[in-house]
Structure formats: C-alpha cells, structure tokens
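Visitor: In the working numbering, the protein residues as written are -14 to 378. Structure below; questions to follow.
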Amino acid sequence: MPHSDPWLERLTGARSSKPTFYAEWRRKSHGLDRAIEALRAISAALCTTTSGPDVLCDAVVDALARHFGAPAVSLTLVARREFRRGAVPDEFADLRERTRAEARPVTLPGMVGVPVLQAGTLLVELPATEVDESEVAILQTVANQLSVALENACLYQEAHERTRELEERNRQLEVAHRRLSEAGQRQLISQERHRIARELHDSVAQHLISIGMNLEWCRQNEPSSAVGRRVAVTKELARSALTQMRAAIFELSELDPQRSGMRGVLVDLVREFRAITPLRVRVRTRGEPVALPLAAQHALFHIAQEAMFNAVRHAAAHGIWVELAYRAGTVALTVADDGTGDPAAIQRRLTRAAAPGGLVNIRERARELHGTARVLARRGGGVRVRVEVPADD
C-alpha cells in the first residue's frame, strides 16, 4: 500500500494488531444508529401525553414492538392494568416479579424486564436469545421517560377533567343565577301587588264606604225630594265603585301554592275573599290528597279565583261553595254559587271560540292541564263551574 492514508489505516485498523477492530467499529456504529432510531421513534410515542395515559401506553408498546421486532411486549402498571402486544410467554410472570422485587433491569434468555419508576414494569421478548447491553440501556431509558410522561399524562387528564367540571359548574351557576334573578323579579312584582292591594283596601275602599254612609244619611233625611233621588243614584254608584274596587283588590292578591298544598291555597283564597266581600264562602276537600305539580296548583288557583270573582260580579250571589275532590287519577275543582246565572247560557259562551275574558281563562287553563271545564246547574238554584284535570300530569 505505497499510497495508503495513515488516518484511514488507523480508522480501519489496517495497522492494528487486532484484526477485529473494523468489524467491532461497524457493529457499534450500527448499534448506535439503532439506538438513535429507537429513541426517535419512542420519543414520538412519548409525545402523546395529551391524549391520556392509555393512549400513551399503547403508543409506547407499539413503538417498542416495531423497533425491536419483539414477539411480545407487556407494560404492567401498579394499578394492575396491562398493555400488551403479541402472545405473552409464561416466563413473563417470573420476570415481572423479579423486576418488581429487585427494582432494576433483569434479563433472561431473549427477555428483558425493566422497572418503570412509581408505575410498574416493562417486559420485552427479543427476537434473539442473546440480550445486548444497548438494548437494556434503551429499555431503561424508555422506562424512565415513560414514568415522567405517565405522570404528565395523568396530570393533564386530571386538569382536563377539572376544567370540564368547572365549566359545568359555571353553567349550573349561570342557570341558578338566572332563576334566582327571575324569582327575585317575581317576588318584587308579588310584593308590589300586595302593597297596592293593601293601600286600595285601607284608603280608597274605606273612603268609598264613608261616602256611601254619608249619602245614605242624606237620602234618609231627604227621601222624597229631587236631591234625595240624586243622592240615591250617587249612593248606588258609590256601591258599584266599591264592588269593583274589592274585585280589583281580590285580583291583585296573589297567593303562593308552594306554601301549604292545594287545600291550603284554597283556604287562603277563601279567607282573602271573605275579607273583601260580604258573601258566605265555604271550602271543603274530599278524597285522599295527592301532590300536584306546581303548574297545576297555579292553574287551579286562578280558575277558582276567576269563578269566584264571576259569581260576585255577574251573578249577584249570596253564597259560594268551593270543593276540591281527589279521585283515582283525577282532581276535580268545583265552584258553586246561589246567584242568578243561567248555566246553559254560560256553558254555550264557554264553548265558543270568542268567549268572554273570564270564561276563556278558565277554559284555556283547564285545556293546558289536559283537563275539561263545564258549567252545570246547582241544585237549589245557581251555577256550578266544574274543572277536572289529571292528577299525575
């Protein structure tokens, strides 16, 4: 070799006393290339932490099986969950126990087990019987990085779940805030209605009563004169105004069906009605009471209120009887009076599309509850308004 390069000779071992120098260098170079390729492939698998621990473990097991051409790979976590590829040999059980007990890499013919810190064990069956040190080093590096990646994946998953929980709780808080706001508005409106009703009762209604008493005194002292006749007409106007005022107070007096059940609502309604009218009003219930939905209680309350108001305003009644009857699957509300109303005529008006306002309210509220509304004759004279609705609707 007259023109040989001394550096090339040194690199290839041509001048070395060890004839295996070049082959050893090639083997180590190939091993280094494989190690770099393994780390590249496995590092890509370790980047799947945002997809969760299960996806991460599957990706790592797949990468190891492909890189080593391994017939079997098993990753067992402390929580006894196992991720595997291939047919796991029986020897893996002993290898797993030894790796876990010794907390260091353990090799068997054609098999390597390495501990995954604070997570479990990683077992690989290699295609060759002889286990290379570089393969053990690669697996130990993978196991160390996997333990960190698993911790990150678990933390990411937990943070993601906490974020979803917070979003759901924020949504629930928004719904609760909106409902509270609506309830507060309804309460303010209800309080204002009660305030107006009290002021009308305590001031305007009392003044109308005083006017009527004074006009009656004037009429008695001038019974036959033109002034007396005018006073009598004025007294009737004052009485009519007082009746309308009491009706307005009655309509403004909103009751709360949640307070004491449907019977309690009707008792409160009758008590309120007695306070503003001279009529005799009674209420009774029959049957075993059942819990009604809030919407049904509201509707029945307003139906009873409307029917009682109509008896005062249109029928010239002296008495009103309210009955709530519970039967199998139905609830019947009946409001009867001894006034001058014509049941047949009122029933015809009730069934017409363009019924008067009060009858429309009764009919539509009953229909909304999938019930029926009828007007019947009362025994002894007068009218019965009867509404039947399903008890479990």
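Glycine residues also receive a C-beta, built at the ideal position from the N, C-alpha and C atoms.
Below 8 angstroms on the Cβ atoms is my guess for residue 322 versus residue 302; work out the distance and round it to an integer in Å.
Guide: Residue 322 to residue 302, Cβ: 4 angstroms. Contact.
Visitor: Could you tell me the distance, in whole angstroms, from the CA atom of residue 209 to the CA atom of residue 199?
Guide: Roughly 17 angstroms separates the two Cα atoms.
Visitor: Closest to residue 375 by CA distance: which of 320, 313, 344, 361 is it?
Guide: Nearest option by C-alpha distance: 313.
Visitor: Taking a contact to mean a Cβ-Cβ separation below 7 angstroms, would you say residue 50 touches residue 70 in this structure?
Guide: It is a contact, given that the beta carbons lie within the stated cut-off.
Visitor: Are the CB atoms of residue 289 and residue 252 within a distance shorter than 7 angstroms?
Guide: It is not a contact, given that the beta carbons lie outside the stated cut-off.
Visitor: Alpha carbon to alpha carbon, what distance is there between residue 273 and residue 373?
Guide: Their Cα atoms are separated by approximately 16 angstroms.
Visitor: Could you tell me which whole alpha helix (DSSP H) segments of length 4 or greater appear in the region 195 to 228?
Guide: As far as the region 195 to 228 is concerned, it has no whole alpha helix (DSSP H) run of at least 4 residues.
Visitor: Nearest by alpha-carbon distance to residue 315: which of 286, 346, 332, 277 is it?
Guide: Of the listed residues, the one whose Cα sits closest to residue 315 is 277.
Visitor: Let me know the beta strand (DSSP E) ranges lying completely inside the region 95 to 163, each 3 residues or longer, listed in chain order.
Guide: The region 95 to 163 contains these whole beta strand (DSSP E) runs: 96 to 101, 105 to 110.
Visitor: When the Cα of residue 249 is compared with those of 111, 268, 215, which residue comes out closest?
Guide: Considering only alpha carbons, the answer is 268.
Visitor: Quick check: what's the CA-CA separation for residue 116 versus residue 147?
Guide: Distance between the alpha carbons of residue 116 and residue 147 is about 45 angstroms.
Visitor: Taking only the alpha-carbon atoms, compute the straight-line gap between residue 86 and residue 161 and give it to the nearest angstrom.
Guide: Whole-angstrom Cα-Cα distance: 55 angstroms.
Visitor: Going by DSSP, what residues sit across from residue 182 in a beta bridge?
Guide: Answer is none; residue 182 lacks a bridge partner.
Visitor: Can you tell me where the alpha helix (DSSP H) holding residue 38 begins and where it ends?
Guide: First-last of the alpha helix (DSSP H) with residue 38: 38 to 53.
Visitor: Alpha carbon to alpha carbon, how far is residue 346 from residue 334? Give it in angstroms, no decimals.
Guide: In a straight line, the C-alpha of residue 334 is about 12 angstroms away from that of residue 346.
Visitor: Decide if residue 112 is buried, meaning its Cβ has at least 16 other Cβ atoms within 10 Å, or exposed.
Guide: It counts as exposed.
Visitor: Nearest-angstrom Cα distance between residue 190 and residue 230?
Guide: Their backbone Cα atoms lie some 7 angstroms apart in a straight line.
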